[in-house]
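> Protein sequences appear in the order of chains X and S.
Residue 84 in this note's numbering sits at position 84 of the first sequence, with consecutive numbering throughout.
Residue 76 in this note's numbering sits at position 76 of the second sequence, with consecutive numbering throughout.
Heads up, the beta-carbon is just placed ideally off N, CA and C, and yes, glycines get one too.
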Amino acid sequence: MKFLALIKKEFYRFFHDPRLIVTMLLPGIVIFLLYSVLGEEFNREEEARQYRVYLVGDSAAAEAIADAAKENGDGVEWLYTDDASAAREEVRDGKASALLVFSENFDASPAGHVDIVYDASDETSTAFYSLAAAVLNIYGMRFTVTAESVTGAEALGMQVLCNILPLLIVVFVFSACMSVTLESVAGEKERGTLATVLVTSAKRSHIALGKIFPLACISMLGALSSFLGTALSMPKFMGLSLNMLGTYGFWNYFLILLLIMSVVPLIVSLIAVVSAYSKSVKEASAYTGMLMILSLVLTLVAVFVPALGNWTVAIPVLNAVVAMQGLLAGALPVWQSLVSVGVNLALTAVFVFVMTMMLSDERIMFGK
Amino acid sequence: MQEHEEIVRAENLKKTFTLSKKQQKIERTGERRRVAVDGLTFSAYRGEIYGLLGPNGAGKTTTLRMLSTLIRPDAGDAFLCGHSIVKEPQRVRDVIGFMTSDLKLEGFFTPDYLFDFFGAMHGVEKAALAARKRELFSRFGIDQFAGVQVKNLSTGMLQKVSLVISIVHDPEIVIFDEPTNGLDVITAKTVTDFLEELRRMGKSIILSTHIFSLVEKLCDRVGILLNGKLAAEGALETVAQGDLERTFFALYEGKGGTL
Chain X
1 MKFLALIKKE
11 FYRFFHDPRL
21 IVTMLLPGIV
31 IFLLYSVLGE
41 EFNREEEARQ
51 YRVYLVGDSA
61 AAEAIADAAK
71 ENGDGVEWLY
81 TDDASAAREE
91 VRDGKASALL
101 VFSENFDASP
111 AGHVDIVYDA
121 SDETSTAFYS
131 LAAAVLNIYG
141 MRFTVTAESV
151 TGAEALGMQV
161 LCNILPLLIV
171 VFVFSACMSV
181 TLESVAGEKE
191 RGTLATVLVT
201 SAKRSHIALG
211 KIFPLACISM
221 LGALSSFLGT
231 ALSMPKFMGL
241 SLNMLGTYGF
251 WNYFLILLLI
261 MSVVPLIVSL
271 IAVVSAYSKS
281 VKEASAYTGM
291 LMILSLVLTL
301 VAVFVPALGN
311 WTVAIPVLNA
321 VVAMQGLLAG
331 ALPVWQSLVS
341 VGVNLALTAV
351 FVFVMTMMLS
361 DERIMFGK
Chain S
1 MQEHEEIVRA
11 ENLKKTFTLS
21 KKQQKIERTG
31 ERRRVAVDGL
41 TFSAYRGEIY
51 GLLGPNGAGK
61 TTTLRMLSTL
71 IRPDAGDAFL
81 CGHSIVKEPQ
91 RVRDVIGFMT
101 SDLKLEGFFT
111 PDYLFDFFGA
121 MHGVEKAALA
131 ARKRELFSRF
141 GIDQFAGVQV
151 KNLSTGMLQK
161 VSLVISIVHD
171 PEIVIFDEPT
181 NGLDVITAKT
191 VTDFLEELRR
201 MGKSIILSTH
211 IFSLVEKLCD
221 RVGILLNGKL
231 AAEGALETVA
241 QGDLERTFFA
251 LYEGKGGTL
């Protein structure tokens, strides 16, 4: 009864304040609009392109790239060669769109990789690169890029943007958790309203859980909003046909959702602990800002360091980002995702316990 | 009802605080530790009002905070309705109502919502809670403000709301830290009248104050607290010796205090 009363109070506080609701749901709408507009810009209908692409080695992936181009109304002319240097010169001179170099026995070897040489200053060459990178991403293939005349942000291409999606999800999740948790825990402590609850006969563990559980549910709304915004804008953003998007099956989306659902209570409980420790919302915001930067560094590691390895499942937040990257690349890292969820939830339980201890500590609760 | 049933017993309560560098600077002191309460022993009985009288910094609020289990004593113990504040803090919180200016109500909520919330937090049944709300809201004139957000209430009304919420669960012991501080004369009268009513109902009240007239008007027994120690304790007539104020300052100067 006491636990339920605490939970109901947090929900009442949130659902009776339109400003909080807007703050929570806005990120998802922003993501949807942003990605949709970006996608439109990236994939604006243009005249059919005819790509001239040199090919060293061979792979079924080349066929997939050609099919994808065909679905976009473009065509690919494959120019088979063994002289990569000459082909590279032609790309540089604008006589060819790109050069793909498949490693030996690419399709059979798990360590196989593709070199893509393209000209970032040339629109057609960049368009081909985006297409090839997206296809290779979805097929979960390893590839490296060698770009000539790299001139700006365009050179980042779709590969990096795909990697950044989990990072953005983490950022929006963190923001959602921050906006409600700081106010509810640090704010209540600062205003003295938390002490009024502490003088009731409710157990400290119930008070801790009675804060964290509803705040996690509310933050989940924000996270779901971001997730839906991302998922719904993805077709436009990726510029891929719906057939290719079909590669993201139910389980891909389900596991991404599960990962988000494990990160939300983890971050909420962490911010709750920091907020309970802090003397004011201002102090808690400063600490939480540092935690957010730490999370961003972790996610950036996942973006820029390829093939991190299985040890990442032990690192909270990073584990979810790496698993989401795999899922977005079309792979289905089930065990990695589930272990990550388990690790995040176990750590959440630890933070709930820590907060319970803090609520019982007079130096933390009432220290000047 | 048993005559002179001991309902609160404090035994050698001690509390020391560590002063932060900032506090040391503000108070212009080099001492690292401050003894707030030093071996406090007293008893309060059912159906009486016990007053802790003392100047600022004497240890009154610290004592009440220990009794209400918000902070733990460094040594000693206290028993409220037989429950130890050290070993059974949760049981103690069941039998007390604590009101102090440090405990605030969230401005977003209405008195109506908060009464129900704190009633649930104390495990009060819904029907009993509804009846008690009707009674207390009517008694304090809160009923017409029941749906107004706390942040929009006047100071006096807020104090009344805080008061009724602190006793939502009809506790055996009511602990008030400076009950009339900051109140206008009308609200202060309402509060003191209610404390007397609570006493008639057999409740025990422990209050802290530095107002002599309040002690003389309300208290059955009084403890004069100076520098964390009880300088005098007993029935009001015995301690006051005809003039509480004169007795207090005699004790104060006797302990080295200067005016």
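Cα-Cα, which of X/V117, X/L228, X/A276 is closest to X/V354?
Ranking the options by Cα distance to X/V354, first place goes to X/A276.
> Mind checking which residues open and close the beta strand (DSSP E) that includes X/T196?
Where X/T196 is concerned, there is no enclosing beta strand (DSSP E), although the alpha helix (DSSP H) it sits in stretches over 193–198.
> Name the one or two DSSP bridge partners that X/W311 has.
In the DSSP output, where bridge partners are listed per residue, X/W311 has none listed.
> In or out: X/Y253 buried (at least 16 other Cβ within 10 Å) or exposed?
Classification of X/Y253: exposed, given that the 10 Å Cβ count is below 16.
> Could you name each continuous beta strand (DSSP E) segment of 3 residues or more that falls completely within the stretch 72–103 of chain S, going from the start of the chain to the end?
With a minimum length of 3 residues, the continuous beta strand (DSSP E) runs that stay inside the stretch 72–103 of chain S are 75–80, 96–99.
> Any beta-carbon of chain S closer than 8 Å to the one on X/M244?
Caution applies to X/M244, whose pLDDT of 47 falls short of 50 and renders its modelled position unreliable; the value that the coordinates give is listed next. So, not an interface residue.
> Anyone know if the C-beta pair for X/T181 and X/I271 falls short of 8 Å?
Yes; because the gap between Cβ atoms is below 8 Å, this pair is in contact.
> Measure the CB-CB distance between X/E362 and S/L70 and report whether it falls below 8 Å.
In this structure, S/L70 lies closer than 8 Å to X/E362 by Cβ.
> Kindly say whether X/A176, judged by its beta-carbon, lies nearer than 8 Å to any beta-carbon of chain S.
Output row for X/A176: interface = no.
> If you count every other CB in all the chains shown that lies within 10 Å of the CB of X/A153, and 16 or more means buried, which is it?
Caution is warranted here: a pLDDT of 38 is assigned to X/A153, below 50, making its placement in the model unreliable, and the coordinate value is therefore given only provisionally. Classification of X/A153: exposed, given that the 10 Å Cβ count is below 16.
> Using C-beta distances below 7 Å, list every residue in its chain close to S/S166, excluding the 5 sequence neighbours before and after it, in chain order.
G97, F98, M99, listed in sequence order.
> Using CA coordinates, which residue listed in S/G123, S/F140, S/P55 is at the minimum distance from S/Q90?
With distances taken between Cα atoms, S/Q90 lies closest to S/G123.
> May I ask you to report which of helix, strand or coil DSSP gives S/I211?
Coil, per DSSP.
> With 8 Å as the threshold, decide whether the Cβ of S/L260 is near any Cβ in chain X.
In the structure as shown, chain S starts at 1 and stops at 259, and residue 260 of chain S therefore has no counterpart that could be examined.
> I think X/G342 touches X/P333, with their Cβ atoms under 8 Å apart; what is that distance to the nearest whole Å?
Not quite, the Cβ-Cβ distance comes to about 14 Å (not below 8 Å), so this is no contact.
> Starting from the C-beta of X/L75, find all residues in its chain whose C-beta is less than 6 Å away, skip the five residues before and the five after it, and write them out in chain order.
Before going on, a small fix: residue 75 of chain X reads as Gly here, not Leu. If we look at X/G75 and ignore the five residues flanking it on each side, its Cβ neighbours are Q50.
> Tell me, to the nearest whole angstrom, how far the beta carbon of S/S162 is from that of S/L64; I am working on the premise that it is less than 8 Å.
In fact, because the Cβ distance is near 15 Å, the residues do not count as touching under 8 Å.
> Name the chain S residues whose beta carbon is nearer than 7 Å to that of X/F366?
Per Cβ cutoff of 7 Å: L70, I71.
> Use the C-beta contact count for S/I186: other C-beta atoms within 10 angstroms, 16 or more gives buried, fewer gives exposed.
Flag for S/I186 reads exposed.
> Taking the beta carbon of X/N163 as the centre, do at least 16 other beta carbons fall within 10 Å, making it buried, or is it exposed?
The residue is buried, with at least 16 neighbouring Cβ atoms inside 10 Å.
> S/L67 versus chain X: which residues are under 9 Å apart at the beta carbon?
What S/L67 touches in chain X: nothing, since even the nearest Cβ is about 11 Å away.
> Using a beta-carbon distance below 8 Å, is X/E71 in contact with chain S?
It does not; no Cβ of chain S falls within 8 Å.
> Between X/L34, X/P265, X/V185, X/E89, which has its C-alpha nearest X/S278's C-alpha?
Of the listed residues, the one whose Cα sits closest to X/S278 is X/V185.
> Nearest to X/L165 by alpha carbon, out of X/E10, X/L131, X/G367, X/L300?
Minimum Cα distance to X/L165 is reached at X/L300.
> Checking contacts by CB at 8 Å: is S/Q90 closer than that to chain X?
By this cut-off, S/Q90 is an interface position.
> With 8 Å set as the bound, which would you pick, yes or no: does the beta-carbon of S/E106 sit closer than that to a beta-carbon of chain X?
Closer than 8 Å to some Cβ of chain X, the Cβ of S/E106 qualifies, so yes.
> Whose CA, out of S/L80, S/T29, S/F145, S/L40, lies closest to the CA of S/I173?
The shortest Cα separation from S/I173 among S/L80, S/T29, S/F145, S/L40 belongs to S/L80.
> Taking Cβ-Cβ distances shorter than 8 Å, what residues in chain X pair up with S/H98?
First, the amino acid is wrong: residue 98 of chain S is Phe here, not His. What S/F98 touches in chain X: V199.
> Run through DSSP, which three-state label would X/L100 get?
In this structure, X/L100 counts as strand in the three-state DSSP scheme.
> In this structure, does DSSP put S/K15 in helix, strand or coil?
Three-state result, S/K15: strand.
> What residues from chain S crowd round X/M1, counting only those whose CB sits closer than 8 Å?
The answer, in chain order, is A120, G123.
> I want to see whether chain S comes within less than 8 Å of X/T230, judged by CB atoms only; does it?
Chain S, which has no Cβ nearer than 8 Å to the Cβ of X/T230, makes this no.
> Can you list the beta strand (DSSP E) stretches of 3 or more residues lying completely in the stretch 27–89 of chain X, in chain order?
50–56, 75–80, all fully within the stretch 27–89 of chain X.
> Using only the alpha-carbon positions, how far apart do X/S205 and X/R13 sit?
The alpha-carbon atoms of X/S205 and X/R13 are separated by roughly 21 Å.
> Counting C-beta neighbours from all protein chains within 10 Å, is the total for X/K189 16 or more, i.e. buried, or is it exposed?
Buried is the call here.
> Ends of the beta strand (DSSP E) at S/V222?
221–226 is the span of the beta strand (DSSP E), which, as asked, contains S/V222.
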